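Trainee: Here it is, the structure in full.
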Amino acid sequence: MPTSPNQKLKLLYLMKILLEETDEQNMLTAQELIDRLAAYDVNSERKSLYNDIDLLVKFGIDIKHQGGRNAGYYVASWDFELAELKLLVDAVQSSRLITGKKSRTLIGKLSKLTSLEQAKQLNRQVLVNGRAKALNETVYYSIDAIHAAINYGKKISFKYFDYNVKKNRVYRKNEQIYVRTPVAMCWNDDNYYLITYNPKYDDPFATFRVDRMTSVEIISESADNFDRKKFSISDYIKQTFGMFSGEIVSAELAFDESLVSVVLDHFGSDTSLTEMDGGRFAISAEVSASPVFLSWIFQFGNRAEILSPDTLRAAMRGLVTEVQDVYGE
63 MPTSPNQKLK LLYLMKILLE ETDEQNMLTA QELIDRLAAY DVNSERKSLY
113 NDIDLLVKFG IDIKHQGGRN AGYYVASWDF ELAELKLLVD AVQSSRLITG
163 KKSRTLIGKL SKLTSLEQAK QLNRQVLVNG RAKALNETVY YSIDAIHAAI
213 NYGKKISFKY FDYNVKKNRV YRKNEQIYVR TPVAMCWNDD NYYLITYNPK
263 YDDPFATFRV DRMTSVEIIS ESADNFDRKK FSISDYIKQT FGMFSGEIVS
313 AELAFDESLV SVVLDHFGSD TSLTEMDGGR FAISAEVSAS PVFLSWIFQF
363 GNRAEILSPD TLRAAMRGLV TEVQDVYGE
């Protein structure tokens, strides 16, 4: 009998079959493995099959054999456990940063990291209230280019846009090409932001939403130098709370006791809480005197109050007045 051209691929096909079709609940007997190999036009005998399985085990694949009534071979473990893959799939599906098309592509790749039967459990539908997917399909590659530029100490060029009511892109500054030194990436309110540096401006640091960037390219120009010892990324992010600039002030805030978990999530678990009368508690915190912070307080209605400073209380009154003007008394 002439040798099949696929015979040299026998070990690879055997590995493929075991990885795709077996797990602890789904095993294949030696004869079933021989039959599967035959479907790839590969001949095998029991003795050579056992030797091949031993080679795969030595290679590092965790193949087990179960005896008894339901005897068979199966892959006992993968680089990722099923629970870990489910977590990753949930993160991909719920992320606003990743488009629907790219989400499906990534989940398809994640599904290949386990058996076909277990992969069926990754067909999950995560419902996130009000969570809209990104429209910019190239954001995935923009992030990769930005990280590479930071690592290589190079500048990047890009265009920056907003959307109009027809969901068409409207590029800022008449499609002007931005050239900036990328400093760091940060994640805030389910969006990716790039912190950049440009010494030509009085305020040299600026932030850009990565999903609003397009045509991102690494250029040959070396990154601008700045005093990294004096620039704290964490302080900068804190100062641009919610990605809107605002003066950092020391504030005294009061909340209803029902908001303890919310406050600790927002300000950190090490935040000191002081009990007050009337079922309230107070905290001291450094906050940004910005519309974003005021809106965050505003959402709690009479369950949250700015106690000090007076300037921040006045800013809140101004916000309340603006809202009242829209809706009437």
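Each residue of the sequence shown is one higher than the one before, starting from 63 at the first, in our numbering.
Positions of the beta carbon are idealized from the N, C-alpha and C atoms, including for glycine.
Note that the coordinates shown come from a computational prediction; the quantities given were computed from them, not determined experimentally.
(1) Output the boundary residues of the alpha helix (DSSP H) element that contains M338.
(2) Taking the DSSP output, what are the residues bridged to V349?
(3) Distance check for K182 and Y75, CA to CA, integer angstroms please.
(4) Please work out which residues of its chain come closer than 7 Å, Cβ to Cβ, to F329, disregarding the five sequence neighbours upstream and downstream, and give them in chain order.
(5) DSSP three-state label for N230, please.
(6) Going by the beta-carbon positions, is the gap between S334 and M275 smaller than 7 Å?
(7) Pair every Cβ in the stretch 156-164 with every Cβ in the stretch 119-138, then say whether three or more of these pairs are closer than 8 Å.
(8) Does the beta-carbon distance from Y259 to T269 come in below 7 Å?
(9) By the 10 Å Cβ neighbour count, where 16 or more other Cβ atoms means buried, how is L99 classified, buried or exposed?
(10) Got a sec? Which residues, its chain only, sit under 6 Å from R108 by beta carbon, not counting five neighbours each side?
(11) Short of 7 Å in beta carbon distance, which residues of its chain neighbour L184, apart from the five on each side in sequence? Order them along the chain.
(12) Can you tell me where the beta strand (DSSP E) with Y225 in it begins and where it stops?
(13) Write down every uninterrupted run of the beta strand (DSSP E) in the stretch 95-156 whose length is 3 residues or greater and which is fully enclosed by it, in chain order.
(14) For the alpha helix (DSSP H) containing Y240, name the first residue and the last one.
(15) Quick one: what's got a C-beta closer than 7 Å to A133's C-beta in the same chain, skipping five residues either side?
(16) From the DSSP output, read off the bridge partner residues of N88.
(17) Around the C-beta of R234, are 16 or more other C-beta atoms found within 10 angstroms, so that it is buried, or is it exposed?
(18) Measure the Cβ-Cβ separation of R271 and L321 and say whether it is below 7 Å.
(19) Under 6 Å Cβ to Cβ from A138, same chain only, skipping five residues before and after it: list those, please.
(20) Take the Cβ of L81 as the centre, count every other Cβ of all protein chains shown within 10 Å, and call the residue buried at 16 or more, exposed below.
(21) Rounded to the nearest angstrom, what separates V201 and F220 at their Cα positions?
(22) Provide the residue(s) that pair with S66 in DSSP beta bridges, ordered along the chain.
(23) Considering A181, what are the terminal residues of the alpha helix (DSSP H) in which it resides?
(24) Okay, do the stretch 286-294 and the stretch 312-319 touch, 3+ Cβ pairs below 8 Å being the bar?
(25) From the DSSP output, read off the bridge partner residues of R274.
(26) Which partner residues does N253 have in the DSSP bridge list?
(27) Closest to L71 by CA distance: which of D85, E86, N105, E94 is it?
(28) Check L321 in the structure and name its three-state DSSP category.
Mentor: Here's the rundown:
(1) Per DSSP, M338 lies in no alpha helix (DSSP H) segment; the continuous beta strand (DSSP E) that holds it begins and ends at 336-338.
(2) V311
(3) 22 Å
(4) I345, A347
(5) coil
(6) no
(7) No contact exists between the stretch 156-164 and the stretch 119-138.
(8) no
(9) buried
(10) Within the same chain, R108 has close Cβ partners A92.
(11) L147, K148, V151, I169, L172, S173
(12) 216-225
(13) 125-128, 134-137
(14) Element bounds for Y240: not the alpha helix (DSSP H) but the beta strand (DSSP E), 240-250.
(15) T91
(16) As computed with DSSP, N88 is found in a beta bridge with D85.
(17) With fewer than 16 Cβ atoms within 10 Å of its Cβ, R234 is classed as exposed.
(18) Not in contact: R271 and L321 (Cβ atoms no closer than 7 Å).
(19) D124, K126
(20) buried
(21) 12 Å
(22) Paired residues: none, contrary to the question.
(23) 178-181
(24) no
(25) According to DSSP, R274 bridges with nothing at all.
(26) N250
(27) That would be N105, whose Cα lies nearest to the Cα of L71.
(28) helix
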